[in-house]
Structures are given as structure tokens and as C-alpha cells.
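To convert, note that position 316 of the sequence shown is 559 in this note's numbering; the numbers rise steadily by one, no gaps. Built from N, CA and C at the ideal position, the CB exists for glycine as well.
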Amino acid sequence: IVGHRHSSGWASDRRNFYAIILSKPIEKLEFRPDNKLNSDVEAQGKDVVALLSFATQAGEQISLKVGISPVSYEGALNNIKAEIPHWEFEKTREQARDKWNRELTRIDFYHPDEAEMRTFYTAMYHAFYGPVLFNDHDRSFRGTDKEVYPDPGFDNYSIFSLWDTYRALHPLFTIIQTERVDDMINSMLLIYQHQGKLPVWHLLGNETNTMVGYPAVPVVADAVFKGFSDFDHDLAYEAMITSSLIDEDGLKFLREKGFIPADLEQESVSKALEYALADWAIAEFARMRGDSANAAYYRERAQAYRIYFDPETRFMRPVLQDGSFREPFNPFESIHEGYAWTDFTEGNSWQYTFLVPHDVRGLADLMGGDEAFEAKLDSLFFVTGDLGEFASPDISGLVGQYAQGNEPSHHAAYMFNYVGAQHKTAKKVRFIMDEWYTDLPDGLPGNEDCGQMSAWYIFSSLGFYPVNSANSVFAIGSPVAHRATINLPGNKKFSIVAHNNSNENIYVQKLRLNGKDLMRSYITYPEIMQGGKLEFFMGSEPNYEFGRAAENRPPEVLVR
């Protein structure tokens, strides 16, 4: 049996071919009466249903092998023949089980509570939902331009929910899925070549343009900065520059005016802040390449977040084309896209005011210094207010105005490290993990978002998190793990031990890295990837000196 589904909707032109091989001949084939019959053996229409009848003995079982393809019926059949050549069901199930176990044990995690173990490994499973392979067994695939291409020399991926996953999932892949990173970047560059810009939210060969920013940029840049080299760096640079200069989603205003006017472009504040953090990555890539002109240009664009900061209210606010702030202003109000004109994407000003992961100290200076920033960040976690009748349903998992159930907040609890208050990060992160992540069916604070919600938990349970997703620095939190081992390429291992860890002992007293005591509140990508041992010494009361000194706070420069 072969067939296909051709759908249009969120993905405007989705083509899915399938094939089914049966262990026994079909005795009779019937279609639902309202399906259009092309012949006795073929039908087309919506909701096509086929009834298959077989001549069987009592208790006889019929086996089916199902294959799918983005290319053709033949591709689906060939995928079955290549990947399941036999009829041994138990063997196939065991192969799948073994394959998943190999993936899940990329991190060996231990906690004395089995529920915590289930929560962690559920998060690992969720983190590997996607991106997904989007090619046949012979690597032929259908491009974004709908043309069919032969093997490009790498595995082709799709389902890039990048506004979500650039934050933690892709940085996690650079540690525990290193052999797949180059292929994912190559897939993004193919999409760029087919559609003229890097993917935004790419779904099975279709650009949906869902969400804001150019979120592939920090992902591609991060791969470059971390030394992944099995893709064309020149093409990657071109793709990043081109994607940042197209005339859509307020970018023309950003180029011509230096900001995005809220009376001319919806979601202007969110777009501008997402562009700024991605522009930081472009500036760093340009600097690495010796392109001083572009480095300066994008460094300036990365500072455009300052235009939206109102020193009177100390909030990010929509700016009108005359340069004034929009009035009236309510930092609690959220308007979901489609209900009315909105200045923020799935959030409000409270949440977006802290979306400056590439320049936390610059934001702190705007707020009046470290103490003022710390006080404002404290407030994020306890103030309450009416989000309004059109509030985004994605604002969930609330702790004050902090929303763990949606991505713009994910780094915020770790920002205390940048002003010397690591103990507050530890307390907040532990509370969020205990409150919003469990092994129950509703054990997530919001939409999984293709693995980002769980990637946050994986990092946090190990005790660190990438605030700036592209500078190779991980801010220290408070580990749930009692011990864990990250299994790295080349048989290297990065071991984590949390001494005296418990539900009460949530505060980091000091770190020890490869036998050396540390009072700094961060580690780096090179330190992880060379292998070694990171020890947390935990206590029930804060050690206020841990991470307090300026030199012990996370750096905001690129670490290589």
C-alpha cells in the first residue's frame, strides 16, 4: 500500500509519502463511500479511509511495516527495505530500545530519589525529540524550494523551533550531540540557499516564519565559536549577514532609523531585543574574521536595546517613530498576536526588560548599578498584576512575573550571578525546578517547545546554564544531581559531584574544578569539553562571598 498526504496550513506545502508492506495478501479492499475513487485500488480526498480484509485463521496475527518519506512512494518503500529488512518485531523493538538507551546515557545522572531520576531522563528524551531527520535512507531529500536533491554529504534536518531552542537546546547539543551539530548547521545553510535567509521556525521543508528575530544566527555562530568546522564558514557568515539585512519584520526601520517604531511595526520591542542579542554574535564572528567594519556596525546594533529602556520606569518600552515612549504604559499587560496591536511577543515588559543576555552589565548600568539591578530582578519574581483579557496563553509557570513556561524568561534567574548575588540564583533555580518539573503527566510548566523546556532543566539540574547562548560561558546555579557524568567525544568524561546536596542544602559554598578550589560563579565550554571533575560543595546557608567579587562573575566576552 502506498499513499501521500499533501497539506497546507501552518506549513504551507507539506508533502508526506508513506508505504505499508503487509505479511499477508489483502483479500478485499474497500474505501469509505464519500472518497473519490480513481479505480478499485486507488482513492483520493480528505479523510480517506480504507478497510482491508484478510482471510485469517483464529488467533492469526498480521504484521505491517510502515515507512515514510519526504520524497516519494519509492523512497518510503526503500526506507523500509533498508531499515527493517526482516519480520522480527521483538528484534526491531529491542533495536529501538538500545538506540534510545545509547542516547539517554550520554549523561549518567544519579539522585537517590527515583522520581528525580525519572524527571531527568524524561527531560533527556524530550530534548531529543528534534530536530528530526528529513531525508530518505539514501539521504535524498526535498528542499525548501520543493525540489528533490540527492545525498548532500550530510544528514538533512528539519523542525527548527529556533526562537525556543537557540537558548539552551542547541548549546546542549554542542556538548552531548557533537557529531550531529555540523549536520544541523549544514541543514540551516541549505535552507538559507533555498529561501534567501536562515530558518526562523522551519517545519518539514517549510518556513513558517513563526516567532521573531533571526534565531538561527546565535546557533550558527555558537558552532563556529566552539570550533565545529565541517561546514562552510564563509557561507555561514554570508547567511548571517544576509538574514540581518532583509526588509521584513522591522529590519528596514532598524537599518534606516536605528530602532523599530512601535506605531509602524507590531511586536517591536521583542523583535528589537532579539535582533540585538543576535547582532552581538554577528559582531563577534566579524571580529574573528578581521572584518572590522562589520564588527563595529553590528556591535553598535547590539547596543540598540538601550533605546527601548526608560530610565524613569526602568522598563523596556515601545518607542514611537517620533522617539517618544508609547503612552499609556502598563508593564503587566500582554496582548497575544492576533487579538490587537501588540508590542511584545508572548510576554510583557516585565519579562522582556531582562532580555539582554549579551550585555547584562550594560543593562545593570542603565538601571543604576548592581544594587538597583538586583532589586529590580528580585521584583521580577514576586510582583503580581493583571496581564489583561488578551494575555498570551504561553505565559505560564509564573513566579511573580517570571514565566518559566515561556522562553524569554529562561535565563533571568541566572542573571543574579552577574551582579555578585549567586545565592539568589541558587534559591530561584531550585524553587523553579521543584515547583514546575516533576515525573507526572503535567510535569512541565508549559509547551515543551521542541526540547527547550527540558534543555533548561537538564542544564539546571547539572548546576549551570548558558545565559548568553553563544559565548561559551555557563553561569552556576544549584544542582539537583548528587552526581552526574557527561560522556564526551574521544572517551572523555566530565564528572559532576555535589557534596552534601539535599533539598535544604541548596547554596553553593565553593566549587572545585580538577582539584582546584574556585570562588567564581561560572565555568566555560573548553573546561567541560576537555573532561575533568567539577565538585559543588553545598550548604543550607548562603556563602555570600561565592561569586561576589567582580573577577569571579561570569564574563560577557567570548571565551574560546
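### Query
Is the distance from the Cβ of L415 to the Cβ of F779 below 8 angstroms?
Counted from its first residue, the sequence shown places residue 415 at position 172. Counted from its first residue, the sequence shown places residue 779 at position 536. No, the pair does not count as a contact, with Cβ atoms beyond the cut-off.
### Task
Express the C-alpha separation of H653 and K671 in angstroms, rounding to a whole number.
The sequence position of residue 671 within the sequence shown is 428, counting from 1. The sequence position of residue 653 within the sequence shown is 410, counting from 1. Whole-angstrom Cα-Cα distance: 12 angstroms.
### Task
Specify whether the stretch 317-327 and the stretch 262-274 touch according to this definition: at least 3 beta carbon pairs, one from each stretch, less than 8 angstroms apart.
yes
### Query
So what does V642 bridge to, in DSSP terms?
Locating residue 642 in the sequence shown gives position 399, where the first residue counts as 1. V642 is bridged to Y645.
#### Entry: Other residues of its chain near K271: CB distance less than 6 angstroms, five sequence neighbours each side excluded
As a working note, residue 271 is residue 28 in the sequence shown. These residues qualify, in order along the chain: S296.
#### Entry: Supposed contact pair Y595 and P651 - C-beta distance, whole angstroms, cut 8 angstroms
Counting from one through the sequence shown, the residue named residue 651 turns up at place 408. Counting from one through the sequence shown, the residue named residue 595 turns up at place 352. Yes, P651 and Y595 are in contact; Cβ-Cβ is about 6 angstroms, under 8 angstroms.
### Task
Tell me whether the beta-carbon of D351 lies closer than 8 angstroms to the beta-carbon of A727.
Working through the sequence shown from its first residue, we reach residue 351 at position 108. Working through the sequence shown from its first residue, we reach residue 727 at position 484. In this structure, A727 lies closer than 8 angstroms to D351 by Cβ.
### Query
Since I311 sits in a beta bridge, which residues does DSSP pair it with?
Here residue 311 refers to the residue found at position 68 when the sequence shown is read from its first residue. Bridge partners of I311: Y261.
#### Entry: Given A293 as reference, the closest of V309, E273 and I311 once Cα atoms are compared
Walking along the sequence shown from the start, residue 293 turns up at place 50. It is E273.
### Query
In whole angstroms, what separates the C-alpha of M526 from that of P732?
Mapped onto the sequence shown, residue 526 falls at position 283. Mapped onto the sequence shown, residue 732 falls at position 489. According to the sequence as given, residue 526 is Ala; it is not Met. For A526 and P732, the distance between alpha carbons rounds to 30 angstroms.
### Query
Going by other Cβ atoms of all chains shown within 10 Å of its Cβ, with 16 needed for buried, is P554 buried or exposed?
Counted from its first residue, the sequence shown places residue 554 at position 311. P554 comes out exposed.
### Query
Under the rule that 16 or more other beta-carbon atoms within 10 Å means buried, what is P688, buried or exposed?
Translated into positions along the sequence shown, residue 688 becomes position 445. P688 comes out buried.
### Three-state class that DSSP yields for A727 in the structure shown
For this step, residue 727 is matched to residue 484 along the sequence shown. Strand.
### Message
So the candidates are I550, L683 and D534; which of them puts its Cα closest to the Cα of E481?
### Response
Looking up residue 481 in the sequence shown gives position 238. For E481, the nearest C-alpha among the options comes from D534.
### Message
Measuring alpha carbon to alpha carbon, tell me which residue in P395, H369, K759 and G706 is nearest Y765.
### Response
Your numbering for residue 765 matches position 522 in the sequence shown. With distances taken between Cα atoms, Y765 lies closest to G706.
### Query
For E778, which beta-bridge partners are listed by DSSP?
Residue mapping note: residue 778 aligns to position 535 of the sequence shown, counting from 1. Per DSSP, V740 and R755.
### Message
Counting beta carbon pairs with one atom in the stretch 538-553 and one in the stretch 603-612, are three or more of them shorter than 8 angstroms?
### Response
yes
### Query
What residue ranges within the stretch 474-558 form continuous alpha helix (DSSP H) runs of no fewer than 4 residues, ordered along the chain?
476-486, 494-500, 511-531 and 535-545
### Query
Which parts of the stretch 679-711 are runs of the alpha helix (DSSP H), unbroken and 4 residues or longer, counting only runs that do not cross its ends?
695-705
### Message
Quick check: the Cα distance between N795 and V723, rounded to an integer number of angstroms?
### Response
Here residue 795 refers to the residue found at position 552 of the sequence shown. Here residue 723 refers to the residue found at position 480 of the sequence shown. So the alpha carbons of these two residues sit roughly 23 angstroms apart.
### Task
Since I believe A358 is in contact with D682 (beta carbons under 8 angstroms), could you give me their beta-carbon distance rounded to a whole number of angstroms?
Indexing the sequence shown from 1 puts residue 682 at position 439. Indexing the sequence shown from 1 puts residue 358 at position 115. Sure, about 5 angstroms apart at Cβ, within 8 angstroms.
#### Entry: At least three beta-carbon pairs within less than 8 angstroms, the stretch 582-598 to the stretch 627-647
yes
### Message
So for F616, helix, strand or coil by DSSP?
### Response
Here residue 616 refers to the residue found at position 373 when the sequence shown is read from its first residue. Three-state DSSP puts F616 in a helix.
### 8 angstroms Cβ shell around W444 - same chain, five flanking residues per side excluded
For the purposes of this step, residue 444 is taken as residue 201 along the sequence shown, with counting starting at 1. Answer for W444: F403, S404, L405, W406, E450, T451, N452, T453 and M454, listed in chain order.
### Query
With respect to the beta strand (DSSP E) encompassing Y765, which residues constitute its N-terminal and C-terminal limits?
Start at 1 with the first residue of the sequence shown, and residue 765 comes out as number 522. Y765 -> beta strand (DSSP E) spans Y765 to T767.
### Task
Indicate the three-state DSSP secondary structure (helix, strand or coil) for Q773 in the structure shown.
Taking the sequence shown and counting its residues from 1, one reaches residue 773 at position 530. Three-state result, Q773: coil.
### Query
Can you find a CB in chain D that lies within less than 8 angstroms of the CB of F659?
The displayed structure is made up of one protein chain only, and chain D is not part of it.
### Message
Quick check on DSSP: helix, strand or coil for L801?
### Response
Translated into positions along the sequence shown, residue 801 becomes position 558. Of the three classes helix, strand and coil, the one that applies to L801 here is coil, per DSSP.
### Message
Just to confirm my understanding: we take S266, look at its own chain, exclude 5 residues before and 5 after, and list those with CB closer than 8 angstroms. What are they?
### Response
Position 23 of the sequence shown, counted from the first residue, corresponds to residue 266. Closer than 8 angstroms at the Cβ level, and outside the excluded window around S266, lie I305, S306, L307 and W330.
### Message
Considering only the alpha carbon of each residue, which of Q752, R257 and K776 lies closest to D388?
### Response
Your numbering for residue 388 matches position 145 in the sequence shown. Considering only alpha carbons, the answer is R257.
### Message
Looking only at its chain, what residues have a beta carbon closer than 6 angstroms to the beta carbon of F616, apart from the 5 residues adjacent to it on each side?
### Response
Along the sequence shown, one-based indexing puts residue 616 at 373. Hits under 6 angstroms: A607, M610 and V662.
#### Entry: Per-residue burial, V599 [other beta carbons within 10 Å of its own, 16 or more giving buried]
Position 356 of the sequence shown holds residue 599. By the neighbour-count rule (16 or more Cβ atoms within 10 Å), V599 is buried.
### Query
What's the C-alpha gap between P797 and F717?
Taking the first residue of the sequence shown as position 1, residue 797 is located at position 554. Taking the first residue of the sequence shown as position 1, residue 717 is located at position 474. Going from the Cα of P797 to the Cα of F717 covers about 8 angstroms.
### Under the three-state DSSP convention, the category K469 falls into
The residue given as residue 469 occupies position 226 in the sequence shown. Reduced to three states, the DSSP call for K469 is coil.
### Query
the ligand GTP heavy atoms versus the CB of E422: any closer than 7 angstroms?
You won't find the ligand GTP in this model; it holds no ligand whatsoever.
### Message
Just to confirm the assignment, what range does the alpha helix (DSSP H) spanning D341 have?
### Response
Start at 1 with the first residue of the sequence shown, and residue 341 comes out as number 98. Residues F332 to L347.
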